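Encoded as structure tokens, the structure appears first; notes follow it.
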Amino acid sequence: MLKIECEDIELSDLILRGRCTTNRLYKKLSSNASFKTDLAKVLKKMKMVDNVSELKDIGSLHYEPLVGDLLGYSSVRIGYKSKYRLLFTEHEEGIVIKLITISEHYGDK
1 MLKIECEDIE LSDLILRGRC TTNRLYKKLS SNASFKTDLA KVLKKMKMVD
51 NVSELKDIGS LHYEPLVGDL LGYSSVRIGY KSKYRLLFTE HEEGIVIKLI
101 TISEHYGDK
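Residue numbers (our numbering): 1 to 109.
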């Protein structure tokens with residue numbers, strides 16, 4: 001089972017409590033029930049695997065190690081129709097990941 005840690009307090013509030021009061025993007029997303037459902041599904045799928053490398057086998061996540069300015073980070077898409085992705089770093093040979101942020105990446109969909 002993959003261990004997931006969260007470094008961002010606002011992101012943790014969004015995940016655990018479904019709300020955020022300070023981060024503008026997270027505050028907007030906290031009022032979107034569909035997004036919160038999709039985020040919960042993504043996190044559940046991520047927790048089910050034994051190693052980060054298994055995330056690529058779950059097509060709906062669109063797992064990818066990032067390049068360029070985001071080298072060292074990886075991402076998964078939040079929902080099929082979402083323009084958001086969850087950024088994280090991988091640690092301890094793929095057994096622990098640290099959630100960093102939610103990024104608005106894919107433009108309007």
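Glycine residues also receive a C-beta, built at the ideal position from the N, C-alpha and C atoms.
Since this is a predicted model, take the numbers as computed values, not measurements.
{"Asked": "N-terminal and C-terminal residue of the alpha helix (DSSP H) that residue 42 is part of", "Found": "33-48"}
{"Asked": "Beta-carbon proximity list for residue 63, same chain, < 6 angstroms, skipping 5 on both sides", "Found": "55, 56 and 76"}
{"Asked": "Same chain only: Cβ atoms within 7 angstroms of residue 42, ignoring 5 sequence neighbours per side", "Found": "61, 76, 78 and 86"}
{"Asked": "Rounded Cβ spacing between residue 90 and residue 52 (contact assumed at less than 8 angstroms)", "Found": "5 angstroms"}
{"Asked": "Pick from 73, 59 and 58 that is closest to residue 65, judged by C-alpha positions", "Found": "73"}
{"Asked": "Buried or exposed (CB count within 10 angstroms, at least 16 for buried), residue 30", "Found": "buried"}
{"Asked": "Residue 97 - partner residues in DSSP beta bridges", "Found": "4 and 90"}
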